[in-house]
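In the numbering used here, the protein residues as written are 747 to 943.
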(Lines of atoms letter the chains of each structure in order from A and count residues from 1; the text may use other names and numbers.)
(Lines give C-alpha, C1' and ligand atoms only; values in the text may rest on other atoms or scores of the structure.)
Protein backbone atom coordinates (compact mmCIF):
# COMPACT_ATOMS: atom_id res chain seq x y z
CA UNK A 1 0.00 0.00 0.00
CA UNK A 2 1.26 3.45 -0.85
CA UNK A 3 1.72 5.79 2.11
CA UNK A 4 -1.19 8.03 1.11
CA UNK A 5 -4.11 9.54 2.93
CA UNK A 6 -7.08 11.00 1.16
CA UNK A 7 -8.97 13.72 2.93
CA UNK A 8 -12.45 13.86 1.47
CA UNK A 9 -15.47 15.46 3.06
CA UNK A 10 -17.88 12.99 4.60
CA UNK A 11 -21.43 12.59 3.24
CA UNK A 12 -20.48 14.28 -0.03
CA UNK A 13 -21.03 12.38 -3.27
CA UNK A 14 -17.89 11.90 -5.37
CA UNK A 15 -18.01 10.57 -8.92
CA UNK A 16 -15.69 7.60 -9.41
CA UNK A 17 -15.23 4.50 -11.52
CA UNK A 18 -16.02 1.28 -9.66
CA UNK A 19 -14.10 -1.74 -10.94
CA UNK A 20 -15.66 -5.04 -9.91
CA UNK A 21 -14.61 -8.59 -10.64
CA UNK A 22 -16.38 -11.85 -11.33
CA UNK A 23 -15.88 -13.90 -14.47
CA UNK A 24 -14.78 -10.70 -16.14
CA UNK A 25 -13.82 -7.23 -15.02
CA UNK A 26 -16.47 -4.50 -15.07
CA UNK A 27 -15.84 -0.73 -15.00
CA UNK A 28 -18.77 1.60 -14.27
CA UNK A 29 -19.12 5.18 -13.02
CA UNK A 30 -20.97 5.71 -9.74
CA UNK A 31 -21.33 8.24 -6.97
CA UNK A 32 -19.87 7.25 -3.60
CA UNK A 33 -19.74 8.77 -0.11
CA UNK A 34 -17.30 8.40 2.75
CA UNK A 35 -18.52 8.08 6.32
CA UNK A 36 -16.55 7.04 9.42
CA UNK A 37 -13.61 5.88 7.25
CA UNK A 38 -15.92 3.63 5.26
CA UNK A 39 -17.11 3.84 1.65
CA UNK A 40 -20.85 3.91 0.93
CA UNK A 41 -22.14 2.96 -2.50
CA UNK A 42 -25.83 2.72 -3.49
CA UNK A 43 -26.45 0.43 -6.43
CA UNK A 44 -29.42 -0.30 -8.63
CA UNK A 45 -29.70 -3.90 -9.85
CA UNK A 46 -26.81 -4.15 -12.33
CA UNK A 47 -23.63 -6.03 -13.24
CA UNK A 48 -21.54 -4.20 -10.62
CA UNK A 49 -23.92 -5.27 -7.85
CA UNK A 50 -23.87 -8.89 -9.05
CA UNK A 51 -20.07 -8.85 -9.17
CA UNK A 52 -19.71 -7.33 -5.70
CA UNK A 53 -22.15 -9.84 -4.21
CA UNK A 54 -20.02 -12.62 -5.72
CA UNK A 55 -16.60 -11.05 -5.06
CA UNK A 56 -16.54 -8.48 -2.23
CA UNK A 57 -13.26 -6.88 -3.32
CA UNK A 58 -13.50 -3.96 -5.72
CA UNK A 59 -11.59 -0.86 -6.85
CA UNK A 60 -12.62 2.78 -6.51
CA UNK A 61 -10.87 4.86 -9.16
CA UNK A 62 -10.70 8.66 -9.14
CA UNK A 63 -10.17 10.38 -12.48
CA UNK A 64 -10.97 13.77 -13.98
CA UNK A 65 -11.04 12.44 -17.56
CA UNK A 66 -14.64 12.68 -18.89
CA UNK A 67 -13.90 10.25 -21.72
CA UNK A 68 -12.99 7.52 -19.21
CA UNK A 69 -16.37 7.96 -17.49
CA UNK A 70 -18.18 7.87 -20.83
CA UNK A 71 -16.32 4.82 -22.13
CA UNK A 72 -16.84 3.02 -18.81
CA UNK A 73 -20.60 3.67 -18.84
CA UNK A 74 -20.95 2.54 -22.45
CA UNK A 75 -18.69 -0.55 -22.06
CA UNK A 76 -16.10 0.93 -24.44
CA UNK A 77 -12.97 0.66 -22.27
CA UNK A 78 -10.26 -1.60 -23.71
CA UNK A 79 -7.12 -3.17 -22.16
CA UNK A 80 -5.17 -0.17 -23.46
CA UNK A 81 -7.05 1.97 -20.90
CA UNK A 82 -5.78 0.08 -17.82
CA UNK A 83 -2.81 -1.89 -16.50
CA UNK A 84 -2.54 -5.55 -15.45
CA UNK A 85 -3.95 -4.70 -12.00
CA UNK A 86 -6.97 -3.05 -13.71
CA UNK A 87 -5.87 0.40 -12.55
CA UNK A 88 -7.08 2.91 -15.14
CA UNK A 89 -4.12 4.73 -16.66
CA UNK A 90 -5.94 8.04 -16.22
CA UNK A 91 -6.71 7.42 -12.54
CA UNK A 92 -5.23 9.79 -9.99
CA UNK A 93 -6.00 7.62 -6.96
CA UNK A 94 -7.12 3.98 -6.73
CA UNK A 95 -8.64 2.58 -3.55
CA UNK A 96 -8.90 -1.15 -2.96
CA UNK A 97 -12.06 -1.79 -0.95
CA UNK A 98 -13.73 -4.81 0.64
CA UNK A 99 -17.44 -5.14 1.46
CA UNK A 100 -18.31 -4.68 5.12
CA UNK A 101 -22.11 -4.87 4.83
CA UNK A 102 -24.94 -5.06 2.28
CA UNK A 103 -28.42 -3.65 2.91
CA UNK A 104 -31.40 -3.41 0.52
CA UNK A 105 -34.13 -0.75 0.57
CA UNK A 106 -36.86 0.59 -1.75
CA UNK A 107 -36.19 3.91 -3.47
CA UNK A 108 -38.86 5.96 -5.26
CA UNK A 109 -38.24 8.85 -7.67
CA UNK A 110 -39.69 10.34 -10.89
CA UNK A 111 -39.08 7.06 -12.70
CA UNK A 112 -40.89 4.84 -10.18
CA UNK A 113 -39.93 2.43 -7.39
CA UNK A 114 -36.79 0.34 -7.47
CA UNK A 115 -34.81 -1.71 -4.98
CA UNK A 116 -31.47 -0.14 -4.14
CA UNK A 117 -28.63 -1.95 -2.42
CA UNK A 118 -26.36 -0.03 -0.09
CA UNK A 119 -22.81 -1.39 -0.02
CA UNK A 120 -20.63 -0.29 2.88
CA UNK A 121 -16.96 -1.15 2.42
CA UNK A 122 -13.67 -0.90 4.24
CA UNK A 123 -10.70 0.83 2.62
CA UNK A 124 -7.92 -1.77 2.31
CA UNK A 125 -5.28 0.05 0.24
CA UNK A 126 -4.76 3.43 -1.41
CA UNK A 127 -2.53 3.88 -4.46
CA UNK A 128 -1.51 7.12 -6.16
CA UNK A 129 -1.24 6.56 -9.91
CA UNK A 130 -0.80 10.06 -11.34
CA UNK A 131 0.20 13.09 -9.36
CA UNK A 132 -2.25 15.50 -10.95
CA UNK A 133 -3.78 18.55 -9.31
CA UNK A 134 -7.48 18.27 -8.52
CA UNK A 135 -9.42 20.31 -11.05
CA UNK A 136 -12.98 21.36 -11.67
CA UNK A 137 -13.96 21.71 -15.30
CA UNK A 138 -17.42 22.93 -16.26
CA UNK A 139 -17.62 20.68 -19.31
CA UNK A 140 -16.71 17.62 -17.23
CA UNK A 141 -19.50 18.46 -14.79
CA UNK A 142 -21.99 18.62 -17.66
CA UNK A 143 -20.76 15.29 -19.09
CA UNK A 144 -21.12 13.62 -15.67
CA UNK A 145 -24.63 15.06 -15.36
CA UNK A 146 -25.55 13.63 -18.78
CA UNK A 147 -24.07 10.24 -17.86
CA UNK A 148 -26.01 10.06 -14.60
CA UNK A 149 -29.23 10.79 -16.50
CA UNK A 150 -28.28 8.25 -19.19
CA UNK A 151 -28.20 5.45 -16.60
CA UNK A 152 -31.92 6.06 -16.01
CA UNK A 153 -32.94 5.60 -19.66
CA UNK A 154 -34.28 2.06 -19.06
CA UNK A 155 -36.77 3.58 -16.60
CA UNK A 156 -37.78 6.58 -18.76
CA UNK A 157 -40.97 6.93 -20.75
CA UNK A 158 -40.87 8.41 -24.29
CA UNK A 159 -41.35 12.01 -23.06
CA UNK A 160 -38.52 11.68 -20.56
CA UNK A 161 -36.24 10.18 -23.24
CA UNK A 162 -37.02 13.09 -25.58
CA UNK A 163 -36.26 15.52 -22.74
CA UNK A 164 -32.91 13.80 -22.27
CA UNK A 165 -32.10 14.03 -25.99
CA UNK A 166 -32.98 17.75 -25.94
CA UNK A 167 -30.77 18.26 -22.88
CA UNK A 168 -27.91 16.50 -24.67
CA UNK A 169 -28.36 18.76 -27.71
CA UNK A 170 -28.66 21.92 -25.62
CA UNK A 171 -25.50 21.22 -23.64
CA UNK A 172 -23.41 20.25 -26.69
CA UNK A 173 -22.31 23.77 -27.66
CA UNK A 174 -21.44 24.65 -24.05
CA UNK A 175 -19.38 21.47 -23.65
CA UNK A 176 -17.57 22.07 -26.95
CA UNK A 177 -16.82 25.66 -25.95
CA UNK A 178 -15.53 24.98 -22.43
CA UNK A 179 -14.10 21.48 -22.91
CA UNK A 180 -11.37 19.70 -24.84
CA UNK A 181 -11.09 16.75 -27.23
CA UNK A 182 -11.98 14.26 -24.45
CA UNK A 183 -15.26 16.10 -23.87
CA UNK A 184 -16.04 16.18 -27.60
CA UNK A 185 -15.32 12.45 -27.93
CA UNK A 186 -17.58 11.82 -24.92
CA UNK A 187 -20.41 13.73 -26.61
CA UNK A 188 -19.95 11.76 -29.84
CA UNK A 189 -20.10 8.44 -27.99
CA UNK A 190 -23.25 9.46 -26.10
CA UNK A 191 -24.99 10.73 -29.23
CA UNK A 192 -24.10 7.56 -31.14
CA UNK A 193 -25.45 5.42 -28.31
CA UNK A 194 -28.73 7.37 -28.23
CA UNK A 195 -29.19 7.03 -31.99
CA UNK A 196 -28.60 3.28 -31.79
CA UNK A 197 -31.19 2.76 -29.00
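Built from N, CA and C at the ideal position, the CB exists for glycine as well.
Rounding to the nearest angstrom, what Cα-Cα distance links residue i and residue j in this structure?
| i | j | result |
| --- | --- | --- |
| residue 747 | residue 841 | Confidence is the limiting factor: at residue 747 the pLDDT is only 43, short of 50, which leaves the residue's position unreliable and the question unanswerable from this model. |
| residue 889 | residue 921 | 8 angstroms |
| residue 778 | residue 924 | 26 angstroms |
| residue 918 | residue 853 | 31 angstroms |
| residue 855 | residue 903 | 13 angstroms |
| residue 877 | residue 908 | 41 angstroms |
| residue 826 | residue 836 | 11 angstroms |
| residue 786 | residue 756 | 10 angstroms |
| residue 914 | residue 936 | 9 angstroms |
| residue 887 | residue 851 | 29 angstroms |
| residue 769 | residue 860 | 26 angstroms |
| residue 900 | residue 758 | 27 angstroms |
Specify the secondary structure class of residue i as computed by DSSP and reduced to three states.
| i | result |
| --- | --- |
| residue 752 | coil |
| residue 836 | coil |
| residue 842 | strand |
| residue 900 | helix |
| residue 831 | coil |
| residue 851 | strand |
| residue 956 | Given that the chain is displayed from residue 747 to residue 943, the structure contains no residue 956 and the question cannot be resolved. |
| residue 869 | strand |
| residue 879 | coil |
| residue 931 | helix |
| residue 857 | coil |
| residue 887 | helix |
| residue 809 | coil |
| residue 802 | coil |
| residue 921 | helix |
Just mark residue i as buried or exposed, buried being the case when its beta carbon has 16 or more other beta carbons within 10 Å.
| i | result |
| --- | --- |
| residue 772 | buried |
| residue 815 | buried |
| residue 812 | buried |
| residue 752 | exposed |
| residue 791 | exposed |
| residue 754 | exposed |
| residue 934 | exposed |
| residue 762 | buried |
| residue 828 | buried |
Check whether the Cβ atoms of residue i and residue j lie closer than 7 angstroms to each other.
| i | j | result |
| --- | --- | --- |
| residue 818 | residue 843 | no |
| residue 794 | residue 774 | yes |
| residue 788 | residue 862 | yes |
| residue 823 | residue 939 | no |
| residue 857 | residue 898 | yes |
| residue 845 | residue 865 | yes |
| residue 766 | residue 798 | yes |
| residue 776 | residue 764 | yes |
| residue 910 | residue 895 | yes |
Please name the residue, chosen from the options, that lies closest to residue i on a Cα-to-Cα basis.
| i | options | result |
| --- | --- | --- |
| residue 804 | 813, 825, 831 | 831 |
| residue 838 | 875, 901, 758, 907 | 875 |
| residue 928 | 780, 762, 809, 764 | 809 |
| residue 783 | 926, 916, 872 | 872 |
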